[in-house]
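Add 1 to the 1-based position in the sequence shown for this note's numbering, that's all there is to it.
Structure record follows, encoded as structure tokens.
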Amino acid sequence: MGILTSKAPIRSAGFYLIGLGGLLGLLTAGCTSSYHTRRSIQELNQTFVVNKNQSLFYSDQLKHKQSKQLTRPVTAALYLQQDTLFVELVKAALPANDGRPETIDISDSTIVFFVNPRIGRTPVNKKSDWFRYHFTSFDTDLVTIPFKYRLSQQGNPPELITSANAAVYLGFRYDQGFQRSVFYHHQQRSDIRSFSIGGGGLLGITAATVRPFSTGNQLQDEYEGACLSYGVAAIFGYRAVSLGLAFGYDHLMDKNRKVWIYQDTPWLGITIGLNLN
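In structure tokens form, the structure reads like this:
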């Protein structure tokens, strides 16, 4: 009886551990599934302006796929789910009812449209047309200027510098997005790309070598001074990375700024940035 009594708690503990492991497995699987679904939706979970002269699809009451044409750019919420891009049009942005069933107007505001419908028999290798959308926004980038070209000053030749620097770029940005469905080996996936252009101002800190050459021989020592950099830039972006051209000035922040020949004089530079928003 003593042996039987000692095994009962062990058996109960084993069942408890198995049940707990199964419950954790279900919770983990559920969280993983929810996470992947949420990530796929959030890729395009935003309001955009959909370009005109594009076809949007919907299912009628008989579940047949129908299409309508956009005659002008419209504002819409786009979200991606299971590799299908859905389009919910903003009613205030739709044109008045034109009485044409083949075009999209305010009477279609309750319809949830989608892009590039699934094909009945998925082909081995095919790509749909690009679906185009865009938006403008206020842009914040963290940038560095790896190359600065200082113009000739006081008879000295131009100078190319590569000193360490960092700046914040603030401006306006226009993003153009593209989405298409890719069918390969009887599978479907969504291909999303975006490009952007923008312009704005930048402000940062840069190191500058202060030496006899840059002070008209009024300073015999050489050291690295701290400068406040400011200027304007035009950028081209792909996803979160940007590349641009800058025009700016450096302001030396110590007592030798009066003899530094590059004080508040123009330079040209190439910027590399990371989009923060």
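Every residue, glycine too, gets a C-beta built ideally from N, C-alpha and C.
Model, not experiment: these values are computed from the prediction.
Let's see if you can read the secondary structure: which residues bound the beta strand (DSSP E) around residue i?
i	result
Ile198	188-211
Ser138	132-151
Asn276	267-276
Gly100	From DSSP, Gly100 is part of no beta strand (DSSP E); its letter is neither H nor E.
Ile262	No beta strand (DSSP E) holds Ile262; DSSP gives it neither H nor E.
Leu86	85-90
Taking residue i and residue j to be in contact with their CB atoms under 8 Å, please state how far apart those CB atoms are, rounded to whole angstroms.
i	j	result
Leu275	Asp142	6 Å
Ala227	Ala208	7 Å
Ala168	Gly200	In fact, because the Cβ distance is near 15 Å, the residues do not count as touching under 8 Å.
Arg181	Asn117	7 Å
Asp109	Leu90	7 Å
If you reduce the DSSP assignment to three classes, tell me which class residue i lands in.
i	result
Asp109	helix
Arg73	coil
Ala30	Here Ala30 scores only 40 on pLDDT, less than 50, and its place in the model is too uncertain to base an answer on.
Arg39	For Arg39, the predicted structure reports a pLDDT of 28, less than 50, and the residue's modelled location is therefore unreliable. The matter cannot be settled from this model.
Leu24	Residue confidence is low: Leu24 scores 37 on pLDDT, short of 50, so the model does not pin down where it sits. Its coordinate-derived value is still stated next. Helix, per DSSP.
Thr53	Thr is not the amino acid found at residue 53; the sequence shown has Lys there. Coil.
Glu44	Note on Glu44: pLDDT 49, under 50, position unreliable in the model; the coordinate value appears next. Glu44: coil per DSSP, three-state reduction.
Lys128	strand
Ala241	coil
Lys64	coil
Which partner residues does residue i have in the DSSP bridge list?
i	result
Asn166	Thr207
Lys256	Paired residue(s): none; Lys256 is not in a bridge.
Asn157	Gln154
Gly249	Gly232, Trp268
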